[in-house]
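Asker: My questions will all concern the structure given below.
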Amino acid sequence: IDEAIQACVQSNHTRLPVYDGSLDNVLGVVHISDLVREYSYGASDDVELEDLIQETLHVPESKNVDDLLAEMRETRMHMVIVIDEFGTTEGMVTMEDITEEIVGEILQSGEEEPIEVLDDRTATLKGEVNIDEVNERLNVDIPEGEEFETIAGFVFNRAGRLVEEGETIAYDGLEIRVERVENTRILRARLVKTDAYEAPQAAEPAADEEQ
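Counting in this note's numbering, the sequence shown runs from 1 upward without gaps.
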């Protein structure tokens, strides 16, 4: 367990695959939280690594990303093992990998403004613009998630699949329409505050602060 914790720290991963004999025989994955829990309880000498293994999926390398995403969401798997037609392990894919592939990391300067306000209810947004920036600039309250922090990530998470140009995601009186997609990446979206939208209220000052 001590060695597994060190491997997590050095690789900067929270999950590690566990195999028996060779990488072509992956038994499952272990999560660093389980490793640390056993270590903190002082039971690391009595607990075997195999006791902490969580089941994972083995998927063919030809599997469609959209289908893989749906299966991972349904089974609540955050890491899967990819195998070829002969059963040889080709690697692993995490939910974060899929999110990055779909959302894209295409920060390019000198092009469009990340946020372009058209009127008091409408703005166009770059897909990779940070949600915090959108919330502050447009006075909205779009939530972040554990696996995303951009507008494209939010749209992808709400849809639960790949999206196409022209699709609209509704949330709490807001509508986000996907305007431009390149391959699987959302490049541009339009945010509209509908008539049902209510701006977030500022927090009330504490009683002792009013005095």
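Cβ atoms here follow ideal geometry from the backbone N, Cα and C, with glycine treated the same way.
Go ahead and label T56 buried or exposed: buried means 16 or more other beta carbons lie within 10 angstroms of its beta carbon, across all protein chains shown.
Answerer: The residue in question, T56, is buried, as its Cβ has 16 or more Cβ neighbours within 10 Å.
Asker: Can you give, in chain order, each stretch of the alpha helix (DSSP H) that sits fully within the stretch 70-125 and has at least 4 residues?
Answerer: Runs found: 95-103.
Asker: Mind pulling the alpha helix (DSSP H) runs of 4 or more residues that sit fully within the stretch 111-191?
Answerer: 131-138, 151-159
Asker: Determine the DSSP secondary structure at L57, reduced to helix, strand or coil.
Answerer: strand
Asker: First and last residue of the beta strand (DSSP E) that includes Y19?
Answerer: Note, Y19: beta strand (DSSP E), 15-19.
Asker: List the DSSP bridge partners of K193.
Answerer: L174
Asker: Using a Cβ cut-off of 9 Å (strictly closer), state whether G91 contacts chain B.
Answerer: Among the chains in the structure shown there is no chain B, since it carries only a single protein chain.
Asker: Using the Cβ count rule (16 or more neighbours within 10 Å means buried), how would you classify A70?
Answerer: exposed
Asker: Does the beta-carbon distance from V29 to M79 come in below 9 Å?
Answerer: Using a Cβ distance threshold of 9 Å, V29 and M79 count as a contacting pair.
Asker: I'd like to know whether the C-beta atoms of V163 and T89 end up nearer to each other than 9 Å.
Answerer: no
Asker: What did DSSP end up calling L23 once you bin it into helix, strand or coil?
Answerer: coil
Asker: Under the assumption that T265 contacts I131 (Cβ atoms under 8 Å), give the Cβ distance between them as a whole number of angstroms.
Answerer: The structure shown does not extend to residue 265, since the chain is modelled only from 1 through 211, so no value can be given for it.
Asker: Can you list, in chain order, the residues of its chain whose CB lies under 6 Å from that of E48, leaving out five sequence neighbours each side?
Answerer: none
Asker: In chain order, what residues of the same chain lie with their CB nearer than 7 Å to the CB of G87, ignoring the 5 residues before and after it?
Answerer: D24
Asker: Would you tell me roughly how many angstroms separate the C-alpha atoms of D20 and E50, rounded to the nearest one?
Answerer: 10 Å
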